[in-house]
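**Student:** The numbering used here puts the first residue of the sequence shown at 11, with every later residue one more than the last. Quick one: structure below, then a few questions.
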Amino acid sequence: MQKLDARILSLFQEQEQQDLSTTSIVHLLFPEANLQKLPYASKQELAQLKRKKAQLQRKVLYHLNKFVDEGILKISKEGAKGKKYFSLNLNPGEELRYKKHIIITKNTFPNTTIEGYEQKSIIHLFDPELLTTRLNSVLVFCNAFSSLKSVQQECEQLLIEVNDSLALHNFETLLLQDDLTFATDFVETIDLACVRMNKSVCIILNSEEFHSEQTKNIEQFIEIFAKIRPKKLRIVFSLTHKTLNKHANFFERVFELFSSSRLTCYFKNHVLHSPPYFIGRAGPYTLTESEWEEFKSKNNQALKTLAIGHASALIDLQKFFEYETRTYKIQEVVLSCLRTLFSINRLQRKHAREYFKQLTNHSPPKNVFCISKNYLRLWNYENTGLSSQEVLVLLEDIWKQVKQFRDNQNIIYQSCGMPFHFAVSLASACTHFKTPKLTDLPGRDMVMKRIEDFYSKENIAILEKKEKYFDQLKGGDRLKIHHSANAKGSDIVREVNFMLITYRIPFFCFDFTHSKSMHMNLQTYLNNGNT
């Protein structure tokens, strides 16, 4: 009985914007009772199913009426033949604890200010159905675990509490001490879980910790990875040009595996950016140098997990300028996003132990959420009709507004003696943030086959412009380079080394996945979701 109570309340939590009838609730909770799914059933089977469905409707109606009497639900309207519809009897932001362990919350973000922009497809929220009860991203410290098996178990639990991406930091520590007999099962199991839940896991390998005599295990793991070709697992190499050259033979073999297997290989320039950098469907995630230093100074090295991203709101700048010619009007859009992110942040921190049980299982919320933040993501900022310089000024103005709002909220709470932390970073977004409502990208990603392509006027312009955008988007950006497949490992090492020492671009990738895209229209390729 209590399980049915919980299932009904969870359904209303998920469908909080809708009025639900008894029939629709039965269909959602007991799909096996749907008569339309048995078109060839006998009369006897149909009669039996109708009786079962009637019993379920009476049982569900009993619980619904009980919730109405308790003030949890309300009868929102009546349809034909007295058909009743039910909805949560809560105000925005209000919460209710039922039977001690079930928490029901109605989203508190200011719909009156954001709805109009959502309808115009100017603002998009990432995973709006689970805004308050899921985090965007979490960092897992692999050096705090004893084996791949223990990390796998942790990831399987954490994937339930995030809606986008996990990052496995210092993953090389597991490969240097493990015999890798479990590696195949690890990759296959985690990838299957990610595919099923439409989430991703980024494996971060820090080359500073590589030792020549121990790289054999790392290479063996990447061979397993390349053979499986996981759909939702990514590998990020944290590199310096010194470590790249020191282990050049190793990297030649490894990069060639990515190229021949047509996988995407991610790189972080550790000299430019020491904090972790990873990516999900919403876009890239990272911390600033000051945030990372703050975390390390608080002696949190014993943590097993660390919350990185609370929620993401996206502003489609091309769509904004289709409706508005006055640039200063962007302030209203930004303010709507910030108010929404603030409301989500407050709820998630307040109910951290209830919403994120696995995340807070090892350490108290104040440690796990010590540097977590929200992401205001900007989309199609190069396709606004503004000049490059005007775009940079616009990004700077948006950041000033974000910083002022953030600081004001923290001052208000701290002056009242209330421990509170609210942080927001500007970042870019990925195509998969929300499709198909995002405007089309202009198709200006780099395409290259050989190192000489770095010197083309078009690519130099892209790289120099991207350097400036990285300076503005402190929450994360990414340069994707579409690379021909089956390239030699030695050539790839030279190209990566060129990027590390020539440009101030901390996060980039070589995409070997679609060699055919070298001979097709890049815009078509990007519009197919390959970003």
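Cβ atoms here follow ideal geometry from the backbone N, Cα and C, with glycine treated the same way.
With H, G and I counted as helix, E and B as strand and the rest as coil, what does DSSP make of LEU30?
**Tutor:** Mapped onto the sequence shown, residue 30 falls at position 20. Looking at LEU30 - three-state DSSP - the assignment turns out to be strand.
**Student:** Alpha helix (DSSP H) containing VAL281: first to last residue?
**Tutor:** As a working note, residue 281 is residue 271 in the sequence shown. Here VAL281 belongs to no alpha helix (DSSP H), and DSSP marks it neither H nor E.
**Student:** So, for SER131: in the same chain, excluding its five sequence neighbours on each side, which residues have a beta-carbon less than 7 angstroms away from its beta-carbon?
**Tutor:** Along the sequence shown, read from residue 1 onward, the residue named residue 131 stands at position 121. Excluding positions up to five away in sequence, the list reads ASP326, LYS329, LYS447.
**Student:** Taking all protein chains shown into account, do 16 or more other C-beta atoms lie within 10 angstroms of the C-beta of PHE522, making it buried, or fewer, making it exposed?
**Tutor:** Locating residue 522 in the sequence shown gives position 512, where the first residue counts as 1. Per the 10 Å Cβ criterion, buried.
**Student:** Going by the DSSP bridge assignment, what does GLU88 pair with across the sheet?
**Tutor:** Locating residue 88 in the sequence shown gives position 78, counting from the first residue. BP columns for GLU88 point to LYS94.
**Student:** Can you find at least 3 beta carbon pairs, one from the segment 289 to 299 and one from the segment 140 to 159, that sit closer than 8 angstroms?
**Tutor:** Because the criterion of three Cβ pairs below 8 angstroms is met, the segment 289 to 299 and the segment 140 to 159 touch.
**Student:** Since I believe ILE35 is in contact with VAL78 (beta carbons under 8 angstroms), could you give me their beta-carbon distance rounded to a whole number of angstroms?
**Tutor:** Numbered from its first residue, the sequence shown carries residue 78 at position 68. Numbered from its first residue, the sequence shown carries residue 35 at position 25. Rounded, the Cβ-Cβ distance is 13 angstroms, inconsistent with contact.
**Student:** For TYR365, report the span of its alpha helix (DSSP H) as first-last.
**Tutor:** Here residue 365 refers to the residue found at position 355 of the sequence shown. Its alpha helix (DSSP H) spans residues 362 to 365.
**Student:** For ILE461, collect the residues of the same chain with a Cβ closer than 6 angstroms to its Cβ; drop the 5 residues on either side in sequence, then sort them by chain order.
**Tutor:** Here residue 461 corresponds to residue number 451 of the sequence shown, with the count starting at 1. These residues qualify, in order along the chain: ARG504, GLU505.
**Student:** Which parts of the segment 270 to 330 are runs of the alpha helix (DSSP H), unbroken and 4 residues or longer, counting only runs that do not cross its ends?
**Tutor:** Segments of the alpha helix (DSSP H) lying fully in the segment 270 to 330: 299 to 307.
**Student:** What are the boundary residues of the alpha helix (DSSP H) that includes ILE232?
**Tutor:** Within the sequence shown, numbered from 1, the residue matching residue 232 stands at position 222. It spans 225 to 238 - the alpha helix (DSSP H) in which ILE232 sits, taken as one unbroken run.
**Student:** Quick one: residues in its chain with C-beta nearer than 6 angstroms to the C-beta of ASN507, no 5 flanking neighbours on either side, listed in chain order?
**Tutor:** To locate residue 507, count along the sequence shown from 1; it is residue 497. Within the same chain, ASN507 has close Cβ partners HIS251, LEU254.
**Student:** Examine the Cβ distances between the segment 170 to 184 and the segment 355 to 369 and report whether three or more of them are shorter than 8 angstroms.
**Tutor:** The answer is yes - the segment 355 to 369 touches the segment 170 to 184, with three or more Cβ pairs under 8 angstroms.
**Student:** Say the cut is 6 angstroms; is the CB of SER147 nearer than that to a heavy atom of the ligand ATP?
**Tutor:** No copy of the ligand ATP occurs in the structure displayed, which carries no ligand at all.
**Student:** Return the CA-CA distance between GLU139 and LYS209, expressed in angstroms with no decimal places.
**Tutor:** To locate residue 139, count along the sequence shown from 1; it is residue 129. To locate residue 209, count along the sequence shown from 1; it is residue 199. Looking at the two C-alpha atoms, the distance is approximately 15 angstroms.
**Student:** Give a yes or no on whether the minimum CB-CB distance between GLY499 and chain C is below 7 angstroms.
**Tutor:** Annotation note: the requested chain C is absent from the structure, which comprises a single protein chain.
**Student:** Excluding the five sequence neighbours on either side, which residues of its own chain have a C-beta within less than 8 angstroms of the C-beta of ARG359, listed in chain order?
**Tutor:** Your numbering for residue 359 matches position 349 in the sequence shown. Answer for ARG359: PRO375, PHE379, PHE430, HIS431, listed in chain order.
**Student:** Straight-line CA distance for PHE247 to ILE124?
**Tutor:** As a position in the sequence shown, residue 247 is number 237, starting the count at 1. As a position in the sequence shown, residue 124 is number 114, starting the count at 1. Their backbone Cα atoms lie some 39 angstroms apart in a straight line.
**Student:** Could you check which residue in LEU436, ASN153, ASP15 has the C-alpha nearest to that of TRP409?
**Tutor:** Residue mapping note: residue 409 aligns to position 399 of the sequence shown, counting from 1. Looking at the Cα atoms, LEU436 is the closest of the given residues.
**Student:** Assign PRO240 to one of two classes, buried (16 or more other C-beta atoms within 10 Å of its C-beta) or exposed (fewer than that).
**Tutor:** Reading the sequence shown from its first residue, position 230 is the one you call residue 240. With 16 or more Cβ atoms within 10 Å of its Cβ, PRO240 is classed as buried.
**Student:** Tell me where the alpha helix (DSSP H) around LYS376 begins and ends.
**Tutor:** The count along the sequence shown starts at 1 and reaches residue 376 at position 366. It spans 375 to 378 - the alpha helix (DSSP H) in which LYS376 sits, taken as one unbroken run.
**Student:** Determine the closest residue to LEU158 out of ASN377, ASP195, SER398, with distance taken between C-alpha atoms.
**Tutor:** Indexing the sequence shown from 1 puts residue 158 at position 148. Residue ASP195 is the option with its Cα nearest to LEU158.
**Student:** With distances taken from CA atoms, which of ILE238, TYR287, GLU299 is nearest SER270?
**Tutor:** Counting from one through the sequence shown, the residue named residue 270 turns up at place 260. Closest by alpha carbon: ILE238.
**Student:** Nearest-angstrom Cα distance between ILE213 and MET458?
**Tutor:** By 1-based counting over the sequence shown, the position of residue 213 is 203. By 1-based counting over the sequence shown, the position of residue 458 is 448. Taking the straight line joining both Cα atoms gives about 25 angstroms.
**Student:** Inspect the beta-carbon positions of ALA552 and ILE232 and report whether they are closer than 7 angstroms.
**Tutor:** Lying outside 11 to 541, the shown extent of the chain, residue 552 is not represented and no answer is given.
**Student:** Which same chain residues, not among the five before or five after LYS490, have their C-beta less than 7 angstroms away from its C-beta?
**Tutor:** Position 480 of the sequence shown, counting from 1, holds the residue named residue 490. Contacts found: ASP455, CYS519, ASP521, THR541.
**Student:** Buried or exposed for THR512, please, with buried defined as at least 16 other CB atoms from any protein chain shown within 10 angstroms of its CB.
**Tutor:** One-based indexing of the sequence shown puts residue 512 at position 502. It counts as exposed.
**Student:** Determine the closest residue to CYS347 out of ASN384, ILE318, GLU334, THR370, with distance taken between C-alpha atoms.
**Tutor:** Numbered from 1 along the sequence shown, position 337 holds the residue referred to as residue 347. Nearest of ASN384, ILE318, GLU334, THR370 to CYS347, Cα basis: ASN384.
**Student:** Which term fits ALA312, buried or exposed, when burial requires 16 or more other beta carbons within 10 angstroms of its beta carbon?
**Tutor:** Along the sequence shown, read from residue 1 onward, the residue named residue 312 stands at position 302. Burial call: exposed.
**Student:** Which parts of the segment 499 to 526 are runs of the beta strand (DSSP E), unbroken and 3 residues or longer, counting only runs that do not cross its ends?
**Tutor:** Entirely contained in the segment 499 to 526, the beta strand (DSSP E) runs reaching 3 residues are, in chain order, 517 to 521.
**Student:** I need the DSSP call for ASN121, collapsed to helix, strand or coil.
**Tutor:** Taking the first residue of the sequence shown as 1, we reach residue 121 at position 111. Since pLDDT at ASN121 reaches only 48, below the 50 mark, its modelled position is unreliable, and no value is offered.
**Student:** If distances are taken between C-alpha atoms only, which option among GLN224, TYR287, GLY81 comes closest to ALA257?
**Tutor:** Working through the sequence shown from its first residue, we reach residue 257 at position 247. Looking at the sequence itself, residue 257 is His, so the reference to Ala does not match. For the residues GLN224, TYR287, GLY81, the minimum Cα distance to HIS257 belongs to GLN224.
**Student:** Going by the CB atoms, is the gap between PHE517 and LEU324 shorter than 7 angstroms?
**Tutor:** As a first step, residue 324 must be located in the sequence shown, where it is residue number 314. As a first step, residue 517 must be located in the sequence shown, where it is residue number 507. Result no, Cβ atoms of LEU324 and PHE517 do not sit closer than 7 angstroms.
**Student:** May I have the straight-line CA-CA distance separating ASP450 from ASP463, to the nearest angstrom?
**Tutor:** The count along the sequence shown starts at 1 and reaches residue 450 at position 440. The count along the sequence shown starts at 1 and reaches residue 463 at position 453. Cα to Cα, ASP450 sits roughly 25 angstroms from ASP463.
**Student:** Considering only the alpha carbon of each residue, which of VAL197, THR191, HIS320 lies closest to LEU178?
**Tutor:** Working through the sequence shown from its first residue, we reach residue 178 at position 168. Nearest of VAL197, THR191, HIS320 to LEU178, Cα basis: VAL197.
**Student:** Can you tell me which of SER31, LYS91, HIS37 puts its alpha carbon nearest to the alpha carbon of LEU74?
**Tutor:** Taking the first residue of the sequence shown as 1, we reach residue 74 at position 64. Comparing Cα positions, the closest option is SER31.
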